[in-house]
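Engineer:
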Amino acid sequence: MKAGEVVGLFLESVWRELNGEERDGLHVTELVELEICERKFWFRRHLDEPPDVRSLLRMWKGRKLHETAISVDHEMEVEHEGVKGRIDEVFIRYDENYTARAWLVDKKFVGFLPASERDVKRYYSHYILQLELYAYMYTVDRRTPVEGCVLLFVNTEEEPYFHVHAWKPNLRKAEKTFRELRTRAEEIDRAEQPPPRNPDYMPSQYPCTYCDYTSRCYIHPEFNSVTRSTAAGNSG
Ligand code: SF4
119 MKAGEVVGLF LESVWRELNG EERDGLHVTE LVELEICERK FWFRRHLDEP PDVRSLLRMW
179 KGRKLHETAI SVDHEMEVEH EGVKGRIDEV FIRYDENYTA RAWLVDKKFV GFLPASERDV
239 KRYYSHYILQ LELYAYMYTV DRRTPVEGCV LLFVNTEEEP YFHVHAWKPN LRKAEKTFRE
299 LRTRAEEIDR AEQPPPRNPD YMPSQYPCTY CDYTSRCYIH PEFNSVTRST AAGNSG
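Encoded structure:
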């Protein structure tokens, strides 16, 4: 067999595995994406195409990590007001009054392991947002308050390999954010064109370096008329 044939078969299988998952409706991961870049959210919802090889491998690695269960309530589905989500792990603990409290755990493969709470907030605030939204949805969907959220970061390439970040979620704030993002998602979803590009973004910097739509976003004329006319109007 030729090298390209083997790699091609592997990538086809990976895509079949990842694409086999039902993705109807609106998902928490899309709300988080919307918070990072509204334009990316529009592309994701309107263009049905496989990601590039790098993104595909990253998604596959993440999927494999998620398949490794550490709790009984593994990959728990939640749904609230039309938004769906899947929480990696849920642990139930009982307080001194025998009242059930939930702890949510999300596992993340990362290329850069945070060394402190400050690093987590600076580089991975979107993961914090994701778990806060899950905490709100779980509390109302399962009628069990979420006491704590935990992010388990894993980097297979360098020591110390793990970083754990735990906190008490702000459920009131999470509810407000959930409603705002859901309303914005519905508005952007209905639009025929993607929102204009954030002028602070650059193709060689985050979040564009993690985006499957960079060429369409920056080059394709069909998706740049609004951006260009805005830029021309601003030039003076
Ligand atoms: S390339 Fe950058 S600005 Fe364009 S959709 Fe992707 S993340 Fe957003």
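Numbering (the working numbering), first residue to last: 119 to 354.
The beta carbon of each residue, even a glycine, is placed where N, CA and C say it ideally should be.
1. Please tell me whether residue 330 and residue 166 are closer than 8 Å, where the distance is taken between their beta carbons.
2. Less than 7 Å between the CB of residue 157 and some heavy atom of the ligand SF4, yes or no?
3. Less than 8 Å separating the beta-carbons of residue 163 and residue 315?
4. Which of the three DSSP states, helix, strand or coil, is assigned to residue 216?
5. Under 8 Å: do the stretch 180-199 and the stretch 211-227 share three or more Cβ pairs, one atom per stretch?
6. Straight-line CA distance for residue 128 to residue 327?
7. Going along the chain, which residues of its own chain have a beta-carbon closer than 7 Å to the beta-carbon of residue 153, five neighbours each way excluded?
8. In angstroms, rounded to a whole number, what distance separates the CA positions of residue 279 and residue 311?
9. From what residue to what residue does the beta strand (DSSP E) around residue 78 run?
10. In angstroms, rounded to a whole number, what distance separates the CA positions of residue 344 and residue 210?
11. Suppose the cutoff is 8 Å on Cβ atoms and the five residues either side in sequence are ignored; what does the same chain contact list for residue 198 look like?
12. Let's see if you can read the secondary structure: which residues bound the alpha helix (DSSP H) around residue 121?
13. Could you compute how far the alpha carbon of residue 274 sits from the alpha carbon of residue 281?
14. Ends of the beta strand (DSSP E) at residue 341?
15. Could you give the residue range of the alpha helix (DSSP H) that holds residue 303?
16. Taking residue 191 as part of the alpha helix (DSSP H), name the residues at either end of that continuous run.
17. For the alpha helix (DSSP H) holding residue 230, just list the boundary residues, first then last.
18. Hey, how far is the Cα of residue 176 from the Cα of residue 231?
19. Out of 174, 223, 137, which one is the CA nearest neighbour of residue 272?
20. Drop a sphere of 10 angstroms on the beta-carbon of residue 233, count the other beta-carbons inside from all chains shown, and report buried for 16 or more, exposed for fewer.
21. Count the other CB atoms within 10 Å of the CB of residue 143; is the residue buried (16 or more) or exposed (fewer)?
Structural biologist: Judging by the given coordinates:
1. To locate residue 330, count along the sequence shown from 1; it is residue 212. To locate residue 166, count along the sequence shown from 1; it is residue 48. Not a contact, by the Cβ cut-off of 8 Å.
2. Translated into positions along the sequence shown, residue 157 becomes position 39. Because some heavy atom of the ligand SF4 lies under 7 Å away, the Cβ of residue 157 counts as near it: yes.
3. Locating residue 163 in the sequence shown gives position 45, where the first residue counts as 1. Locating residue 315 in the sequence shown gives position 197, where the first residue counts as 1. No, the pair does not count as a contact, with Cβ atoms beyond the cut-off.
4. Counting from one through the sequence shown, the residue named residue 216 turns up at place 98. Residue 216 falls in the coil class under three-state DSSP.
5. yes
6. Start at 1 with the first residue of the sequence shown, and residue 128 comes out as number 10. Start at 1 with the first residue of the sequence shown, and residue 327 comes out as number 209. The alpha-carbon atoms of residue 128 and residue 327 are separated by roughly 24 Å.
7. By 1-based counting over the sequence shown, the position of residue 153 is 35. Hits under 7 Å: 244, 247, 299.
8. The residue you call residue 279 lines up with position 161 of the sequence shown. The residue you call residue 311 lines up with position 193 of the sequence shown. Distance between the alpha carbons of residue 279 and residue 311 is about 42 Å.
9. Outside the modelled stretch of the chain, which goes from 119 to 354, sits residue 78, for which no answer is possible.
10. Looking up residue 344 in the sequence shown gives position 226. Looking up residue 210 in the sequence shown gives position 92. With a pLDDT of 49 at residue 344, under the threshold of 50, the modelled position of this residue cannot be trusted, and the question is left open.
11. Mapped onto the sequence shown, residue 198 falls at position 80. Closer than 8 Å at the Cβ level, and outside the excluded window around residue 198, lie 254, 255, 258, 259, 296.
12. Start at 1 with the first residue of the sequence shown, and residue 121 comes out as number 3. Taken as a continuous stretch (DSSP letters only), the alpha helix (DSSP H) holding residue 121 covers 121-137.
13. For the purposes of this step, residue 274 is taken as the residue at position 156 of the sequence shown. For the purposes of this step, residue 281 is taken as the residue at position 163 of the sequence shown. When rounded, the distance between both Cα atoms is 12 Å.
14. Reading the sequence shown from its first residue, position 223 is the one you call residue 341. Careful: residue 341 lies outside any beta strand (DSSP E) and carries neither H nor E.
15. Taking the sequence shown and counting its residues from 1, one reaches residue 303 at position 185. 289-308 is the span of the alpha helix (DSSP H), which, as asked, contains residue 303.
16. The residue you call residue 191 lines up with position 73 of the sequence shown. Here residue 191 belongs to no alpha helix (DSSP H); instead the beta strand (DSSP E) covers 191-198.
17. As a working note, residue 230 is residue 112 in the sequence shown. Element bounds for residue 230: n/a, residue is neither H nor E.
18. As a first step, residue 176 must be located in the sequence shown, where it is residue number 58. As a first step, residue 231 must be located in the sequence shown, where it is residue number 113. Near 16 Å, if we compare the C-alpha coordinates of residue 231 and residue 176.
19. Reading the sequence shown from its first residue, position 154 is the one you call residue 272. Checked all of 174, 223, 137; the closest Cα to residue 272 is 223.
20. As a working note, residue 233 is residue 115 in the sequence shown. Exposed: under 16 other Cβ atoms inside 10 Å.
21. Stepping through the sequence shown from its first residue, residue 143 is reached at position 25. When all chains shown are included, residue 143 counts as exposed.
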